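Residue 455 in my numbering sits at position 398 of the sequence shown; the count goes up by one each step and never skips.
Notes for the one structure printed next.
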Amino acid sequence: MFVSMLFPVFLGIVVTLFFALPAKWRPVFLLAASYGICGWMDWRSLLVLVVISFSTWLVGRKIEKMLAKGKRRGGKICVQAAVSAYVLILCVYKYMPVVLKIADLKGRAGESVLRNLVMPIGLSFYLFQAIGYLTDVYKEKIPAEKNFVHLSCYLAFFPKLVSGPIESGQDFLPQLETSAAVTLKDRGRLSTALSYMLWGYFMKMVVADRLAVTVNQIFAEPSLFDSIWLIIGVFFYTIQIYCDFAGYSYIAIGCARIFGIRLTENFKAPYLAVNITDFWRRWHVSLSAWLRNYIYIPLGGNRKGFARKCINTMIVFLICGMWHGAGFHFAVWGILHGVYSVVDAFVRQKGWKIRGGRIITFISVSFAWIFFKADNLKAAIAYITAMFTAGIRPDTWNQTRMHLQLNEVEIALIVLSICVVWAVDLFCSRKKLHLPVLIQQKQNAVRYLIFYLLIIAIFIFGMYGPGYHTEQFIYMQF
């Protein structure tokens, strides 16, 4: 969505009308714009989104009324039924195509079923938000939203619809109430929004999409490459998926900030983490928070002893892996992170000091990404096997480089862009602020120079144009 050439036109129209309309109509307009772009991408996805929004609004009101009458058991049954239905919907869309494929369903009827079971846009993300919202209403953390438009906009808001962040109703809904006070004259807010978007486009188009060209070739035929190139493929994918998803998140945050809405900062220099627990505090922050609040803590968290804590951790990461995809390779990816987390918890319980924590964490996370990237478990195992058995063949490196279309300029751009991202993360981590916020603190001349350099880098070095198919954001498939 964000990398479509039509998106800047769409955003320009939406921003113009948002500030031109009377303030009371702003939430209605944002909902209409969100539904419009969802329907434009896939009308079936819009139908599912509307149904889920309406049912969430009704069930939330029903739960609140039951609680007000002292019928807590009825409210619990209500929220459990809704959550079970949402989980079932997610499982049907995510796993049924795989089941039908395994069953080797053939014929026109089978093909029709498979076509109609394509995952609706953003389903995983707004279903998680709906589940969190209903749970919070039942626990009386927030009141049920009486305004259907506001509740629907919370689930459908277009900057976060496709790939999050996964927002809580407690954080998002009050911001719709205050949208009337947002003005176009607030240059600081708009400048910060532009900073987020430019940095996001740099990460996506200059770094992630450039790396994707090499990564896709290496993972497609790992048998053609020696161990060094296979390791490079893993390293490139580790950087690619970060820049791809973080790039999306920064663009989403920037778009939302234009309308005066603050979204969750989804990434906090994750590859600088000192251990796996620290990594999950920095990587996909909104998902980590959701899993902690609505699965880990209800399971007992760490309140029932170390053994139970380890079991709960494994359950959470298995669910996390299954949420990302239906293949066994996603489950293995989740289990690996669960094992990493259990080992990390054991090490910290013992008080052992591990040297090189950042390097160990980075290597562990990178290894797990192989299962995430591979088409299936067999392909992941084949890749790992080749990585350790293919050997090192320096005499073939030039030929391989030419096969991958990595000339000197392309290699220089890849190295430089990775260094820029790494340096920015290191600097921002030390300052404990995100780059767009740091840019905003600079004088106008410095800020505009940074804007200029980012725009030039995106237009000159970004991956787009005739003969190039823009890479879909990786997390759109989840």
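Ideal placement from N, C-alpha and C gives every residue a C-beta, glycine not left out.
Computed from a prediction, not measured in an experiment: that's the story for all the values here.
Compute the Euclidean distance between the alpha carbons of residue i and residue j, then round it to the nearest angstrom.
i: Ile296; j: Ile475; result: 8 Å
i: Asp301; j: Phe293; result: 12 Å
i: Thr249; j: Arg314; result: 8 Å
i: Gly93; j: Met62; result: 17 Å
i: Asp243; j: Ala237; result: 13 Å
i: Glu278; j: Ile288; result: 14 Å
i: Val219; j: Arg450; result: 43 Å
i: Asn464; j: Gly362; result: 56 Å
i: Val472; j: Leu490; result: 25 Å
i: Tyr305; j: Lys325; result: 14 Å
i: Phe484; j: Ile416; result: 18 Å
i: Arg405; j: Ile411; result: 9 Å
i: Tyr525; j: Arg129; result: Because Tyr525 carries a pLDDT of 46, less than 50, the predicted location of this residue cannot be relied on, and the following value inherits that uncertainty. Roughly 57 Å separates the two Cα atoms.
i: Asn20; j: Arg349; result: Residue 20 is absent from the model: the chain starts at 58 and stops at 535.
i: Trp340; j: Ala303; result: 9 Å
i: Gln137; j: Gly96; result: 30 Å
i: Leu375; j: Asp193; result: 24 Å
i: Asp228; j: Phe182; result: 16 Å
i: Asp266; j: Tyr150; result: 28 Å
i: Phe67; j: Cys312; result: 12 Å
i: His460; j: Gln274; result: 9 Å
i: Cys377; j: Leu145; result: 16 Å
i: Ile134; j: Lys126; result: 15 Å
i: Ala447; j: Glu467; result: 25 Å
i: Leu434; j: Asp99; result: 30 Å
i: Lys20; j: Lys119; result: Only positions 58 to 535 of the chain appear in the structure, and residue 20 is not among them; the question remains open.
i: Ala469; j: Phe276; result: 22 Å
i: Ile199; j: Phe214; result: 20 Å
i: Trp347; j: Arg338; result: 12 Å
i: Lys81; j: Pro65; result: 25 Å
i: Ala439; j: Pro79; result: 60 Å
i: Lys407; j: Asn455; result: 48 Å
i: Phe111; j: Ile70; result: 27 Å
Give a yes or no on whether the C-beta atoms belonging to residue i and residue j are separated by under 7 Å.
i: Glu121; j: Ala201; result: yes
i: Leu511; j: Leu255; result: yes
i: Leu184; j: His207; result: no
i: Thr418; j: Phe336; result: yes
i: Phe59; j: Val263; result: no
i: Ser91; j: Ile223; result: no
i: Gly257; j: Tyr307; result: yes
i: Ser423; j: Val331; result: no
i: Gln286; j: Thr73; result: Here the sequence assigns Trp to residue 286, which means Gln is not the residue at that position. Result no, Cβ atoms of Trp286 and Thr73 do not sit closer than 7 Å.
i: Tyr253; j: Ile310; result: yes
i: Leu88; j: Ser209; result: yes
i: Ile427; j: Ala437; result: yes
i: Val11; j: Gly317; result: Residue 11 lies beyond the range of the chain shown here (58 to 535); nothing can be said about it.
Apart from the five residues just before and just after residue i, which ones in its own chain have a Cβ nearer than 8 Å to its Cβ?
i: Phe429; result: Ile298, His381, His386, Phe387, Trp390
i: Thr370; result: Tyr353, Gly395, Ser398, Val399, Ala402
i: Gln497; result: Gly245, Ser248, Thr249, Ser252, Arg504
i: Ser345; result: Trp337, Arg338
Apart from the five residues just before and just after residue i, which ones in its own chain have a Cβ nearer than 7 Å to its Cβ?
i: Ala187; result: Ile109, Thr113, Tyr143, Leu212
i: Phe76; result: Leu241
i: Phe259; result: Leu511, Ala514, Ile515
i: Val365; result: As written in the sequence, residue 365 is Arg, which differs from the Val given in the question. Within the same chain, Arg365 has close Cβ partners Gly357.
i: Gly522; result: Because the pLDDT at Gly522 is just 46, under 50, the model does not fix this residue reliably, and the value given afterwards should be weighed accordingly. Result list for Gly522: empty, nothing under 7 Å.
i: Lys488; result: Leu495
i: Met520; result: Met262, Asp266, Arg267
i: Met379; result: Phe387, Ala388, Gly391
i: Ser486; result: Ala326, Leu329
i: Leu180; result: Val105, Leu147, Tyr150
i: Gly132; result: Ile120, Met123, Leu124, Tyr195
What is the C-beta distance between residue i and residue j, in whole angstroms, given that I count them as a contact (C-beta under 8 Å)?
i: Asp283; j: Thr453; result: 7 Å
i: Val107; j: Ala139; result: With 8 Å as the limit, Val107 and Ala139 do not qualify as a contact, their Cβ atoms being about 16 Å apart.
i: Val105; j: Pro216; result: So it is not a contact: roughly 19 Å between Cβ atoms.
i: Leu147; j: Glu197; result: So it is not a contact: roughly 26 Å between Cβ atoms.
i: Val481; j: Leu492; result: 6 Å
i: Ser421; j: Ile333; result: 7 Å
Residues in its own chain within less than 6 Å of residue i by CB, not counting five upstream and five downstream?
i: Tyr328; result: Phe419
i: Leu393; result: Ala425
i: Tyr152; result: Ala383
i: Val85; result: Val206
i: Tyr190; result: Gly226
i: Met444; result: Ser284, Leu287
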